[in-house]
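Visitor: My numbering numbers the first residue of the sequence shown as 444 and each following residue consecutively.
The following block contains the structure, expressed as structure tokens.
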Amino acid sequence: MNVWKYIYIKFFKIRRRIIGRDGADEYAAMLFVASFDSLLYFGILILIDKSVDNVLLKEYEPLYFAFYMLGMLTIERLRNRTMCKNGAFERIKEEVENEPQKLKWSILSILYMIFVVFFFLFCCYIGKYGL
444 MNVWKYIYIK FFKIRRRIIG RDGADEYAAM LFVASFDSLL YFGILILIDK
494 SVDNVLLKEY EPLYFAFYML GMLTIERLRN RTMCKNGAFE RIKEEVENEP
544 QKLKWSILSI LYMIFVVFFF LFCCYIGKYG L
């Protein structure tokens, strides 16, 4: 059990309750989890670029854009393979539903989501204004 699995299943259930059934439930829930991974990746890229005095952003803008796009696509492909393919969804759903410490995992997942958003905002601030 980990935070990503818990967020994945809980978002799946919330989305199913609000929208109803459609063909993309599992994939949409996976994209929600992957969006947090992308925010972490973007924050790290911003910090790396700032640590080398914005060389990528100023001189190699197409390469910087390529890093962003390839990172997002890689995260999406990895999450899709590990969370949606070959019956992984059913295994994850069973693992989350059989978890005895649901309160702990819900608190950890909320803290993780808050941390990721604030980390990304912090990296954007550092990228723009510096320390």
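Backbone N, C-alpha and C fix where the C-beta goes; we use that ideal spot for every residue, glycine too.
When the Cα of MET556 is compared with those of SER478, LEU513 and GLY463, which residue comes out closest?
Guide: Selected option, being the one with the closest Cα: SER478.
Visitor: Counting only the same chain and skipping the five closest in sequence on each side, list residues whose C-beta sits under 8 Å from that of ARG459.
Guide: ASP468
Visitor: Quick check on the burial criterion: 16 or more other C-beta atoms within 10 angstroms. Buried or exposed for PHE561?
Guide: exposed
Visitor: With distances taken from CA atoms, which of ILE462, ALA472 and TRP447 is nearest PHE454?
Guide: Relative to PHE454, the option among ILE462, ALA472 and TRP447 whose CA is nearest is ALA472.
Visitor: Decide yes or no for the touch test of the stretch 509-529 against the stretch 541-549: beta carbon pairs closer than 8 Å, at least 3 of them.
Guide: no
Visitor: Is the separation between the beta-carbon of PHE510 and that of LEU488 shorter than 8 Å?
Guide: yes
Visitor: Would you report the Cα separation of GLU538 and PHE558, rounded to the nearest angstrom?
Guide: 24 Å
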